[in-house]
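Trainee: Numbering (our numbering), first residue to last: 415 to 484.
Just passing along the structure, written as structure tokens.
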């Protein structure tokens, strides 16, 4: 059995709920990286970019962040 077949078998064994949990965890990690990038950009430039500020209700284009986890 090669790696591709093993991966396919593992994917089939995961229930839909397990997949959703994994996707949610991945989303949380992506948000943490995005927040870290925002802090780094703010540190380097000395100013905040309104497009990178999550949850800013005054900016309709800003990301709202988070994920829906069950």
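Virtual Cβ for every residue (Gly too), placed ideally from N, Cα, C.
From the DSSP output, in three-state form, read off residue 434 for me.
Mentor: In this structure, residue 434 counts as helix in the three-state DSSP scheme.
Trainee: Out of curiosity, what's the CA-to-CA distance linking residue 460 and residue 452?
Mentor: Those two C-alpha atoms are separated by around 11 Å.
Trainee: Within the continuous alpha helix (DSSP H) that includes residue 461, where are the two ends?
Mentor: Here residue 461 belongs to no alpha helix (DSSP H), and DSSP marks it neither H nor E.
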